[in-house]
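Working notes, structure below.
Chains as they are written, first to last, in our numbering: chain V, 2 to 222; chain X, 7 to 489.
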């Protein structure tokens, strides 16, 4: 029998996978941002729970970063960017939501098939956390490759990064997790600033990745 | 002695870090450029004293036989590049491509980049290694976008997304290494310390280690510009300031490769783990052949040499993938030679694009007539990088090919094919740029110093003719370590 502590950790990590799926079928920017905030909130809870069960107080810092920075500050800033840039559009999804959901389900199966056998030696919590984390990472990657809009790309990357933090905190007693999550937050902050800068300086007509892709060497020849 | 070593090891981090802060505060670009050169020189001196007094490893930092030469190489190239940068930047300011405010930022970031690369090389902790490489990526992203043109921003954005993705994969790999080590080594800091990991690697869970290596190879491989994860590299090289192209090609790619090699050593130390060689051979060969086929279409001079960097990273990865004392020796030598030659070429290219006012190969004509020193410097550099004697790159490429022939003749054929394709294209492109008929426009004289380029070319030439005995002994020693 597993203890309650295990069940809660399991539930929270599993919820992150579910929220990753929610991210996949959002077709409006604002709701995408809100779901991402939920994703980070669940991460904060999962990390906080790990901190208390592992008795690792430094992990509370990571949880606080996830809560304040990623669940509150980043979505608010992105909301503002979307509003000020006037990209009130619905998101176009390449190939349709149905295909994405199927691909997502396949990726989750892949994550479990890959992670569970190789971690046979590790303790149950770490194994399943890792499998969930890999699923979140792969779903984040899927979001990144199937969306063309820069904001969705950033959201995809940040959900991927949430998966990484989940993996790192699930690894019992891993040192430097706090430092790593701080380093990641700096990176994310810069990405967000980057999106903003690109537009603010009016160098791009849109933050659409396809528009940027057309600007290739071929055109300069 | 050890306390001296500890001081110099710390100095390698403190000098660039404090110089970066100071440069942030200082206005006046002349002073900034001088301070930049001075700080790089100090770091170089500190790096050289590491040979005399080697510090003991602690939980975070470590100097061993492997990284010591990369540290010296790193600080040497950052010093010569800072010299080049001083003259390059002055010209950019005159033509108004950059403003003094941006220059302040540029110099501070330059030192911060040296700090990050030194930290990555010195790190004895795989988490710290990751943080350092992440920092280096962020700084180079900012530098690539420095010109704020549409193309530069696009290049920076592309680099940012791909680089972050690589970094994310590498972090997952790092976590997996920790998890593989944890049952054997217990929780906490030792299970992430590189020297401890190596000592206990035989007891790790092989399946987890295998999975970790795949993530690490893809993650850090992205940073090293290996095909198919190379898409950021040509853009970043072409659109950023040329000193940064030199540092990116000459140093940062090496640092990423160094991280891969560290983990390869872990894999080799575990008898039950997957052999890392075939994976590396595949990525290396893919990079080499891809570049061999794509090189001829490049119309931009910096892009041309950026592609050539992908090719050489491929060769090095291939050599280490083949493994064994001879191929490892060749790989180490090639890392050094490529670093020196490629930065020399970028120095030349920087001056050339400034005097010609363009980066397009088709409009650069007859350099040996209009600018003999630059033109012949470029000729020497391209001949060296294409792998012709008497330069050092020839020695290392020859060693790679011959050691592969002895072990895997079929692979050696593919390798030779890739080398020949790249060789032919580079010489064909060089032909027009160096010896074609000048376009007859007004000739802008080059007023900047070509000393850094000459120093590098001289070193590569000397290495091609005569490698000092101690260096050979040392290369052999490290080659044996790499397994």
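Heads up, the beta-carbon is just placed ideally off N, CA and C, and yes, glycines get one too.
It should be emphasised that the depicted structure is a prediction, and the values quoted were computed from it without experimental measurement.
Would you call residue i buried or exposed, if buried means 16 or more other Cβ atoms sit within 10 Å of its Cβ?
{"i": "residue 155(X)", "result": "exposed"}
{"i": "residue 309(X)", "result": "buried"}
{"i": "residue 129(V)", "result": "buried"}
{"i": "residue 513(X)", "result": "Summary: the structure shown does not reach residue 513(X), with chain X confined to residues 7 through 489, and so no result is reported for it."}
{"i": "residue 334(X)", "result": "buried"}
{"i": "residue 37(V)", "result": "buried"}
{"i": "residue 167(X)", "result": "buried"}
{"i": "residue 194(V)", "result": "exposed"}
{"i": "residue 345(X)", "result": "buried"}
{"i": "residue 9(X)", "result": "exposed"}
{"i": "residue 4(V)", "result": "exposed"}
{"i": "residue 24(X)", "result": "exposed"}
{"i": "residue 192(X)", "result": "exposed"}
{"i": "residue 101(V)", "result": "buried"}
{"i": "residue 437(X)", "result": "exposed"}
{"i": "residue 139(X)", "result": "buried"}
{"i": "residue 412(X)", "result": "exposed"}
{"i": "residue 113(X)", "result": "buried"}
{"i": "residue 474(X)", "result": "exposed"}
{"i": "residue 201(V)", "result": "Low per-residue confidence applies at residue 201(V): pLDDT is 39, beneath 50, and the placement is therefore not dependable, though the value from the model is reported in the following sentence. So residue 201(V) counts as exposed."}
{"i": "residue 471(X)", "result": "exposed"}
{"i": "residue 73(X)", "result": "buried"}
{"i": "residue 261(X)", "result": "buried"}
{"i": "residue 160(V)", "result": "buried"}
{"i": "residue 90(X)", "result": "buried"}
{"i": "residue 86(X)", "result": "buried"}
{"i": "residue 50(X)", "result": "buried"}
Per DSSP, residue i is paired with what?
{"i": "residue 131(X)", "result": "199(X)"}
{"i": "residue 366(X)", "result": "306(X)"}
{"i": "residue 217(X)", "result": "None, per the DSSP bridge assignment."}
In the DSSP assignment, find the alpha helix (DSSP H) that holds residue i and state where it starts and stops.
{"i": "residue 66(X)", "result": "Taken as a continuous stretch (DSSP letters only), residue 66(X) belongs to no alpha helix (DSSP H), as it is neither H nor E."}
{"i": "residue 172(X)", "result": "156-191"}
{"i": "residue 239(X)", "result": "238-245"}
{"i": "residue 69(V)", "result": "Element bounds for residue 69(V): n/a, residue is neither H nor E."}
{"i": "residue 456(X)", "result": "Looking at the DSSP string, residue 456(X) is not in any alpha helix (DSSP H), and its letter there is neither H nor E."}
{"i": "residue 260(X)", "result": "259-275"}
{"i": "residue 413(X)", "result": "398-413"}
{"i": "residue 101(V)", "result": "98-119"}
{"i": "residue 395(X)", "result": "Unbroken run through residue 395(X): none, as it is neither H nor E."}
{"i": "residue 76(V)", "result": "75-86"}
{"i": "residue 250(X)", "result": "248-253"}
{"i": "residue 35(X)", "result": "35-55"}
{"i": "residue 480(X)", "result": "475-488"}
Do residue i and residue j have their CB atoms nearer than 9 angstroms?
{"i": "residue 337(X)", "j": "residue 289(X)", "result": "no"}
{"i": "residue 254(X)", "j": "residue 347(X)", "result": "no"}
{"i": "residue 323(X)", "j": "residue 263(X)", "result": "yes"}
{"i": "residue 390(X)", "j": "residue 428(X)", "result": "no"}
{"i": "residue 83(V)", "j": "residue 152(V)", "result": "yes"}
{"i": "residue 242(X)", "j": "residue 161(X)", "result": "yes"}
{"i": "residue 123(X)", "j": "residue 69(X)", "result": "no"}
{"i": "residue 237(X)", "j": "residue 158(V)", "result": "no"}
{"i": "residue 291(X)", "j": "residue 485(X)", "result": "no"}
{"i": "residue 134(V)", "j": "residue 165(V)", "result": "yes"}
{"i": "residue 320(X)", "j": "residue 293(X)", "result": "yes"}
{"i": "residue 27(X)", "j": "residue 41(X)", "result": "no"}
{"i": "residue 207(X)", "j": "residue 276(X)", "result": "yes"}
{"i": "residue 274(X)", "j": "residue 488(X)", "result": "yes"}
{"i": "residue 1(V)", "j": "residue 136(V)", "result": "Past the edges of chain V, shown from 2 to 222, lies residue 1(V), and the structure says nothing about it."}
{"i": "residue 67(V)", "j": "residue 45(V)", "result": "yes"}
{"i": "residue 18(X)", "j": "residue 76(X)", "result": "no"}
{"i": "residue 229(X)", "j": "residue 143(X)", "result": "yes"}
{"i": "residue 75(V)", "j": "residue 41(V)", "result": "yes"}
Is there at least one non-hydrogen atom of the ligand PLP closer than 8 angstroms to the beta-carbon of residue i?
{"i": "residue 119(X)", "result": "The ligand PLP is not among the ligands present in this structure, which contains no ligands whatsoever."}
- Pairing CB atoms from the region 141-157 of chain X with CB atoms from the region 245-257 of chain X, are three or more of them under 8 angstroms? Taking 8 angstroms as the limit for Cβ pairs, the verdict is that the region 245-257 of chain X does touch the region 141-157 of chain X.
- Message: Would you call the region 42-49 of chain X in contact with the region 449-459 of chain X, where contact means no fewer than 3 C-beta pairs closer than 8 angstroms?
- Response: Under the 8 angstroms Cβ criterion, the region 42-49 of chain X does not count as touching the region 449-459 of chain X, having fewer than three qualifying pairs.
- Message: Within 8 angstroms, do at least three Cβ pairs link the region 278-287 of chain X to the region 295-310 of chain X?
- Response: Three or more Cβ pairs closer than 8 angstroms define a contact, and the region 295-310 of chain X falls short of that threshold against the region 278-287 of chain X.
- Do the region 208-221 of chain X and the region 178-190 of chain X meet, that is, are 3 or more Cβ pairs less than 8 angstroms apart? Segments in contact, yes.
- Message: Would you call the region 85-101 of chain X in contact with the region 353-371 of chain X, where contact means no fewer than 3 C-beta pairs closer than 8 angstroms?
- Response: Flag = yes, the region 85-101 of chain X and the region 353-371 of chain X touch.
- Task: May I ask you to verify whether the region 168-188 of chain X touches the region 216-232 of chain X, counting CB pairs closer than 8 angstroms and requiring at least 3?
- Result: Three or more pairs of CB atoms, one per stretch, sit closer than 8 angstroms, so the region 168-188 of chain X contacts the region 216-232 of chain X.
- Query: Are three or more beta carbon pairs between the region 181-190 of chain V and the region 194-207 of chain X nearer than 8 angstroms?
  - Reply: Taking 8 angstroms as the limit for Cβ pairs, the verdict is that the region 194-207 of chain X does not touch the region 181-190 of chain V.
- How about the region 261-278 of chain X and the region 295-302 of chain X: do they share at least three Cβ pairs that are nearer than 8 angstroms? No: the two stretches stay apart, fewer than three of their Cβ pairs being nearer than 8 angstroms.
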